[in-house]
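**Q**
Protein chains: 2
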Amino acid sequence: MIKLSKSVEYALFAIKYLNYIPSDKLVSTKELSESMNIPYDLLAKIMQKLVKTEIVSSVQGTKGGYFLSKSPKQINLNEIIKAVDSEIRLTDCMFENATEDDCKRLNDCSLRSPLSNIQNKIIQLFTSTTLEEII
Amino acid sequence: MIKLSKSVEYALFAIKYLNYIPSDKLVSTKELSESMNIPYDLLAKIMQKLVKTEIVSSVQGTKGGYFLSKSPKQINLNEIIKAVDSEIRLTDCMFENATEDDCKRLNDCSLRSPLSNIQNKIIQLFTSTTLEEII
DNA sequence: TTTATATACGACCGATTTAGTCCGATATAA
DNA sequence: TTATATCGGACTAAATCGGTCGTATATAAA
Ligand code: SF4
Ligand code: SF4
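If you read the protein sequences in the order shown, they are chains D and W.
For any residue, its number in my numbering is found by taking its place in the first sequence, counting from 1, and adding 15.
For any residue, its number in my numbering is found by taking its place in the second sequence, counting from 1, and adding 15.
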């Protein structure tokens with residue numbers, strides 16, 4: 016299936032909101048979820064993933080919240096997908112060190128290499144798309 | 016999720032096999048499934064979809080089977096995906112006439128248009144990839 | 001030092017989608 | 001008439017996604 020997850024969309028909305036806020040102000044998950052109509056608990060986990068990948072930064076405790084650690088121009092769509100879902104894999108074998116556990120056809124599969132090229136082009140497309148162009 | 020379905024892979028394998036066979040010879044689902052190790056019933060349904068979209072042709076009855084109706088050069092990857100799964104839709108709203116039933120954010124969503132552009136690029140990539148390059 | 005409010009993190013559950021199975025109908029060569 | 005093939009839809013099982021819950025930790029402020 017070739018589709019963005021809801022979580023990626025929510026991440027984009029959240030980053031868009033953070034981008035509108037003066038960068039010295041913190042925004043809580045509560046404010047984000049209420050103003051953009053995103054389920055609180057789900058968004059909370061998404062924000063944590065964005066922190067872990069250093070796309071946004073967080074401050075804990077009362078009056079805490081999140082702020083963008085990069086400008087949208089410096090963030091690309093592939094980063095978001097990797098942070099929120101996982102690395103793009105067009106097939107089960109698109110690992111560096113895939114084994115026959117990942118796909119039993121691995122050793123004599125003529126599709127693997129050409130499909131890998133296509134995957135690279137997709138990743139290239141996402142990587143070259145900055146959030147500035149999206150949000 | 017950005018991933019090809021197993022069904023698309025199976026379709027590619029099947030078309031590859033058909034391409035190796037003299038075009039006047041028919042190949043049954045049984046032969047295809049046994050020689051490429053693809054579940055018979057699943058492959059049977061995939062073959063029917065490929066027939067319906069006129070990528071392969073079929074002859075029914077004893078001694079019947081399938082043959083390629085186009086050369087791999089004339090078949091593109093987007094056709095296969097459309098035939099076997101469905102049209103690519105990067106989000107729930109990527110319809111010509113989407114309504115708020117498809118996504119309640121539809122009417123004031125700033126993401127829709129830029130994501131549509133990205134989707135077009137993906138479709139363009141798949142459409143410009145012929146099976147000759149893959150199988 | 002207590003309280004209120006915030007992030008962090010993992011387990012869980014329900015809904016949807018994908019992958020695979022089964023069964024009956026129809027076509028046709030032998 | 002029989003054997004073998006496609007056709008087509010209903011069904012089940014497994015995987016993934018979207019969303020929820022509970023608990024721990026951090027910290028500003030009363
Ligand atoms: S090895 Fe071939 S069949 Fe297996 S996942 Fe990779 S491309 Fe698909
Ligand atoms: S309208 Fe916006 S939020 Fe809704 S599916 Fe389309 S892009 Fe996503």
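Beta carbons are placed, not taken as given, at the ideal position from N, Cα and C, and that holds for glycine.
Keep in mind the model is a prediction, meaning the values are calculated, not measured.
If you measure from the beta carbon of T142 of chain W to each beta carbon in chain D, is any gap under 8 Å?
**A** For this step, residue 142 of chain W is matched to residue 127 along the second sequence. Taking Cβ atoms only, chain D never reaches closer than 8 Å to T142 of chain W, which makes this a no.
**Q** Confirm the yes/no value for this check: CB of T106 of chain W, any heavy atom of ligand 2, distance under 7 Å.
**A** If you number the second sequence from 1, residue 106 of chain W lands on position 91. Yes, ligand 2 has a heavy atom inside 7 Å of this Cβ.
**Q** Tell me whether I70 of chain D sits in a helix, a strand or coil according to DSSP, three-state version.
**A** Your numbering for residue 70 of chain D matches position 55 in the first sequence. In this structure, I70 of chain D counts as coil in the three-state DSSP scheme.
**Q** Is any beta-carbon of chain W found at less than 8 Å from that of R104 of chain D?
**A** In the first sequence, residue 104 of chain D corresponds to position 89, counting from 1. Judged by the 8 Å Cβ criterion, R104 of chain D is in contact with chain W.
**Q** State yes or no: is the C-beta of I149 of chain D within less than 8 Å of the C-beta of L83 of chain D?
**A** As a first step, residue 149 of chain D must be located in the first sequence, where it is residue number 134. As a first step, residue 83 of chain D must be located in the first sequence, where it is residue number 68. No; because the gap between Cβ atoms is not below 8 Å, this pair is not in contact.
**Q** Under 9 Å between beta-carbons, which chain W residues line up against L126 of chain D? List them in chain order, please.
**A** Walking along the first sequence from the start, residue 126 of chain D turns up at place 111. Neighbours of L126 of chain D on chain W, chain order: E24, L27, F28, K31, I149, I150.
**Q** Counting pairs of beta carbons, one from the segment 92 to 111 of chain D and one from the segment 130 to 139 of chain D, are three or more of them closer than 8 Å?
**A** In short, these stretches touch, since the Cβ pair count reaches three.
**Q** Can you tell me the Cβ-Cβ gap for L58 of chain D and Y25 of chain D, rounded? I've got them flagged as a contact below 8 Å.
**A** Here residue 58 of chain D is taken as the residue at index 43 of the first sequence, counted from 1. Here residue 25 of chain D is taken as the residue at index 10 of the first sequence, counted from 1. With a Cβ gap of about 6 Å, L58 of chain D and Y25 of chain D count as contacting.
**Q** Measure from the C-beta of M62 of chain W to each C-beta in chain D and report whether the shortest distance is under 8 Å.
**A** Your numbering for residue 62 of chain W matches position 47 in the second sequence. With 8 Å as the cut-off, M62 of chain W does not count as an interface residue toward chain D.
**Q** Give me the Cα-Cα distance between K60 of chain D and I90 of chain W, rounded to the nearest whole angstrom.
**A** Position 45 of the first sequence holds residue 60 of chain D. Position 75 of the second sequence holds residue 90 of chain W. About 42 Å.
**Q** Which of helix, strand or coil does DSSP assign to T145 of chain D?
**A** The residue you call residue 145 of chain D lines up with position 130 of the first sequence. The answer is strand: DSSP assigns T145 of chain D an E or B state.
**Q** For F28 of chain D and I96 of chain D, which I take to be in contact (beta-carbon distance under 8 Å), what is that distance rounded to the nearest angstrom?
**A** Your numbering for residue 28 of chain D matches position 13 in the first sequence. Your numbering for residue 96 of chain D matches position 81 in the first sequence. Incorrect: roughly 15 Å between the Cβ atoms, too far for contact.
**Q** By the criterion of Cβ-Cβ separation under 8 Å, what are the contact partners of S20 of chain W in chain D?
**A** As a working mapping, residue 20 of chain W is identified with position 5 in the second sequence. Neighbours of S20 of chain W on chain D, chain order: M16.
**Q** Any Cβ of chain D within less than 8 Å of the Cβ of K136 of chain W?
**A** One-based indexing of the second sequence puts residue 136 of chain W at position 121. By this cut-off, K136 of chain W is an interface position.
**Q** List the DSSP bridge partners of Y81 of chain W.
**A** Taking the first residue of the second sequence as position 1, residue 81 of chain W is located at position 66. In DSSP, Y81 of chain W forms a bridge with W:V42, W:S73.
**Q** Helix, strand or coil for I150 of chain W per DSSP?
**A** The residue labelled residue 150 of chain W in the question sits at position 135 within the second sequence. In the structure shown, I150 of chain W sits in coil (DSSP, three-state: anything other than H, G, I, E or B).
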